[in-house]
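Counting from 558, one number per residue, gives the positions in the sequence shown under my numbering. The C-beta atom is built at its ideal place from N, Cα and C for all residues, glycine as well.
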Amino acid sequence: MSHQTPIFAVVLAAGKGTRMKSNRAKVLHTLCGVPMVNYAIEAIRPLVPERLLVVVGHQAEEVKSVLPPDAEPVLQREQLGTGDAVRVALESIEEEEGLLLVVNGDGPLISDRTLGELVERHRSAGVGATVLAAELPDPNGLGRVTEDAGVVRIVEERDASEAEREIRLVNLGLYAFELSEIRAALRNLGSDNDQGELYLTDALEIIGRRNRAVTYRLKDLEEANLVNDRSHLARAEEILRRRILDAHMRDGVTVRDPSSTHIEAGVEIGRDTIILPGTFLRGSTKVGSDCVIGPFTDLMDTIVCDGALVEHSVGRGAEIGPGANVGPFSYLRPGTVLGAGSKVGAYCEVKNTRVGEGSKVPHLSYVGDAEIGENANLGAGTITANYDGKNKNRTSIGDGAFTGVNTSLIAPVTIGDEAYLGAGSVVNKDIPPGKLAVGAPARVIRDAPKKVSEKSKKRES
Ligand code: UD1
Ligand code: CA
558 MSHQTPIFAV
568 VLAAGKGTRM
578 KSNRAKVLHT
588 LCGVPMVNYA
598 IEAIRPLVPE
608 RLLVVVGHQA
618 EEVKSVLPPD
628 AEPVLQREQL
638 GTGDAVRVAL
648 ESIEEEEGLL
658 LVVNGDGPLI
668 SDRTLGELVE
678 RHRSAGVGAT
688 VLAAELPDPN
698 GLGRVTEDAG
708 VVRIVEERDA
718 SEAEREIRLV
728 NLGLYAFELS
738 EIRAALRNLG
748 SDNDQGELYL
758 TDALEIIGRR
768 NRAVTYRLKD
778 LEEANLVNDR
788 SHLARAEEIL
798 RRRILDAHMR
808 DGVTVRDPSS
818 THIEAGVEIG
828 RDTIILPGTF
838 LRGSTKVGSD
848 CVIGPFTDLM
858 DTIVCDGALV
868 EHSVGRGAEI
878 GPGANVGPFS
888 YLRPGTVLGA
898 GSKVGAYCEV
908 KNTRVGEGSK
918 VPHLSYVGDA
928 EIGENANLGA
938 GTITANYDGK
948 NKNRTSIGDG
958 AFTGVNTSLI
968 APVTIGDEAY
978 LGAGSVVNKD
988 IPPGKLAVGA
998 PARVIRDAPK
1008 KVSEKSKKRE
1018 S
């Protein structure tokens, strides 16, 4: 095997993306929760480049903040065109020999396989430059490509003649260059075009005339979904979304209605879990096996353990224990940890609270900054008054405690194990274990009633 020169990869991500009509740089727009620029980086990584440079410019700081540690940002101060962007990147590459792989940052569907094939084709042809091209039914907005005897010419749509516009072979913004060739070509680049920019595409013709340049034809046209405006963004995201769903389904997850299910790239789901329609699983959400999620549930950075049910609910940074039951219409906020077999029911909001194993918050409650023991039961409308206008105070509810409907717990306060609160109690003092308290403010009147056990219930019936 001949000695292979190293690959230097450059992602072009400095442009504004005018056609997005956005205050945010185009490459920061997300698809399935991942910024566009990261797709290009992911596709490059398997090629194990010597360096992975990302040219940033417009909103440079924001773009830098989404880059993984192995990507090196280089700053293009003024967006003078794709040719200038590559020139900036080359300034930080000292090597004389190597392959420069240039990837436009706005092609989120380009695969590592295609990049690998492009490099392969470039090396085996021994040419100065290779560009990825595709024959598209609708070439609108893209540079048109002609190839003739080792010379490739690319003309931008805005600079094209009527005849050239008829060409359906387009430039997909992906190139392999010999380092020495691209360096030399960029020195000769002009900006005599409609935009007065330095076009990287002009380098192809220059290299073709000095040496040789060729096209490599894209095999899977789905990858040609480049993003220039929001309708392209939606189309590309739809393809990625379906790919994610298909992967989960192959791994044993039932997705009842793929058309209304949105699962972001980083989400994990165990087998035999059922995802019902209208469900969004986002961020670092992890769902175990044998769960039922949805319909109409939106979980962000939430952990759902095996066998849990979550219906018509919203989760943000929550943890739902094994076999727990959530919803319909529950809102679990950050710091919520639900124990095994616990329940948070209809119209409840829970924040920064640990709900112990087997405990229930079944109806119309707000529970914030609290610790609930095991097998406790909060009556309908039990509310923690956790905020006194200055501080957030904690509520502690013991094992087996029971609160009546419309109990107000004025924090900081502790309800002892097996304590029992009458309906409408307003609790501003600690209630000792095993006592019944009623009233506003609640005062202790006698021992708590004995719990009716399951056995004695059966005997009575
Ligand atoms: C470019 C190609 C066009 C091709 C199309 C594919 C040129 C001149 N034209 O056109 O032939 O069909 O891509 O998508 O290259 N960028 C910078 N710095 C700049 C300008 C752009 O980093 O100064 C980046 C952008 O962020 C973007 C990429 O380069 O990721 C392409 O820029 P864009 O303006 O979208 O180029 P197109 O006009 O689409
Ligand atoms: Ca583009």
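Cα-Cα separation, residue i to residue j
{"i": "GLY991", "j": "PRO852", "result": "40 Å"}
{"i": "SER916", "j": "PRO630", "result": "51 Å"}
{"i": "ASN882", "j": "VAL907", "result": "14 Å"}
{"i": "CYS589", "j": "LEU790", "result": "11 Å"}
{"i": "VAL924", "j": "TYR944", "result": "11 Å"}
{"i": "GLN752", "j": "ARG911", "result": "60 Å"}
{"i": "LEU729", "j": "HIS920", "result": "56 Å"}
{"i": "TYR773", "j": "GLY898", "result": "57 Å"}
{"i": "LEU802", "j": "ASP705", "result": "43 Å"}
{"i": "THR811", "j": "ILE832", "result": "6 Å"}
{"i": "TYR732", "j": "PRO592", "result": "22 Å"}
{"i": "ARG1020", "j": "PRO606", "result": "Past the boundaries of the shown model lies residue 1020; the chain is included only from 558 to 1018, so the question cannot be answered."}
{"i": "GLU931", "j": "GLY955", "result": "7 Å"}
{"i": "ALA760", "j": "ASP777", "result": "26 Å"}
{"i": "THR971", "j": "TYR904", "result": "24 Å"}
{"i": "ALA570", "j": "LEU637", "result": "13 Å"}
{"i": "PRO885", "j": "LYS900", "result": "11 Å"}
{"i": "ALA927", "j": "GLY640", "result": "59 Å"}
{"i": "VAL995", "j": "ASN963", "result": "12 Å"}
{"i": "VAL894", "j": "MET857", "result": "14 Å"}
{"i": "PRO1006", "j": "GLU975", "result": "10 Å"}
{"i": "ARG890", "j": "LEU978", "result": "26 Å"}
{"i": "ARG1021", "j": "LEU866", "result": "The chain is shown only over 558 to 1018; residue 1021 falls outside these bounds and no answer can be derived."}
{"i": "LYS573", "j": "VAL620", "result": "11 Å"}
Buried or exposed (CB count within 10 angstroms, at least 16 for buried), residue i
{"i": "ILE1002", "result": "exposed"}
{"i": "ASN580", "result": "exposed"}
{"i": "SER982", "result": "buried"}
{"i": "ALA691", "result": "buried"}
{"i": "SER559", "result": "Because SER559 carries a pLDDT of 49, less than 50, the predicted location of this residue cannot be relied on, and the following value inherits that uncertainty. Classification for SER559: exposed."}
{"i": "SER681", "result": "exposed"}
{"i": "ARG798", "result": "buried"}
{"i": "ALA980", "result": "exposed"}
{"i": "ALA997", "result": "exposed"}
{"i": "LYS949", "result": "exposed"}
{"i": "PRO563", "result": "exposed"}
{"i": "VAL612", "result": "buried"}
{"i": "LEU632", "result": "exposed"}
{"i": "ASN934", "result": "buried"}
{"i": "ASP663", "result": "buried"}
{"i": "GLY809", "result": "exposed"}
{"i": "GLY878", "result": "buried"}
{"i": "LYS578", "result": "exposed"}
{"i": "ALA1009", "result": "The sequence given here has Val at residue 1009, not Ala. By the neighbour-count rule (16 or more Cβ atoms within 10 Å), VAL1009 is not buried but exposed."}
{"i": "GLU794", "result": "buried"}
{"i": "ARG839", "result": "buried"}
Spatially closest choice to residue i from the options, by CA coordinates
{"i": "GLU719", "options": "GLY753, GLY913, ARG701", "result": "ARG701"}
{"i": "ARG766", "options": "ARG774, HIS789, ILE739, LYS776", "result": "ILE739"}
{"i": "VAL568", "options": "LEU699, PRO998, ARG576, ASP627", "result": "ASP627"}
{"i": "ASP855", "options": "ILE650, GLY874, GLY864", "result": "GLY874"}
{"i": "VAL844", "options": "HIS805, LEU647, GLY835, ALA742", "result": "HIS805"}
{"i": "VAL594", "options": "GLU821, VAL660, ARG576, ALA958", "result": "VAL660"}
{"i": "GLY880", "options": "VAL861, GLY892, THR960, PRO891", "result": "VAL861"}
{"i": "VAL918", "options": "ARG951, GLY946, GLY957", "result": "GLY957"}
{"i": "TYR756", "options": "ASN768, LEU778, ARG722, GLU714", "result": "GLU714"}
{"i": "LEU658", "options": "HIS615, VAL1009, ALA597", "result": "ALA597"}
{"i": "GLU654", "options": "MET577, GLY913, ALA741, GLU674", "result": "ALA741"}
{"i": "GLU876", "options": "SER841, VAL623, ALA903", "result": "SER841"}
{"i": "LEU783", "options": "ALA994, ARG576, VAL867", "result": "ARG576"}
{"i": "PHE837", "options": "SER846, PRO815, ASP829, TYR977", "result": "PRO815"}
{"i": "GLU599", "options": "LEU647, LEU672, ARG644, VAL620", "result": "LEU672"}
{"i": "ASN952", "options": "ILE967, GLY685, GLN616", "result": "For clarity, residue 952 is Thr in the given sequence; the question names Asn instead. That would be ILE967, whose Cα lies nearest to the Cα of THR952."}
{"i": "THR941", "options": "ASN985, GLY973, GLY913", "result": "ASN985"}
{"i": "PRO625", "options": "ALA646, LEU726, ARG602, GLU780", "result": "ARG602"}
{"i": "LEU693", "options": "LEU775, GLY685, GLU868", "result": "LEU775"}
Test: residue i CB closer than 7 Å to a CB of chain D
{"i": "LEU757", "result": "As a matter of chain content, chain D is missing from the structure shown, which is built from one protein chain."}
Exercise. Which parts of the segment 749–779 are runs of the alpha helix (DSSP H), unbroken and 4 residues or longer, counting only runs that do not cross its ends?
Worked result: List check, alpha helix (DSSP H) in window: 758–767.
Problem set entry | beta strand (DSSP E) segments (min. 3 residues) lying fully within the segment 923–989 | With a minimum length of 3 residues, the continuous beta strand (DSSP E) runs that stay inside the segment 923–989 are 923–925, 927–929, 940–942, 952–954, 965–967, 970–972.
Exercise. Taking the runs of the beta strand (DSSP E) that are 3 residues or longer, which of them lie wholly in the segment 598–660?
Worked result: For the segment 598–660, whole beta strand (DSSP E) runs of length 3 or above, ordered along the chain, are 608–613, 629–632.
Problem set entry | Length-filtered (3 minimum) beta strand (DSSP E) runs lying within the segment 654–732 | Within the segment 654–732, the runs of beta strand (DSSP E) at least 3 residues long that lie entirely inside it are, in chain order, 656–661, 686–692, 701–705, 708–712.
Exercise. What beta strand (DSSP E) runs, 3 residues minimum, are completely inside the segment 880–914?
Worked result: With a minimum length of 3 residues, the continuous beta strand (DSSP E) runs that stay inside the segment 880–914 are 887–889, 900–903, 905–908.
Problem set entry | Segments of 4+ residues assigned as alpha helix (DSSP H) that fall wholly inside the segment 783–826 | Contiguous alpha helix (DSSP H) elements confined to the segment 783–826 occur at 787–807, taking only those with 4 or more residues.
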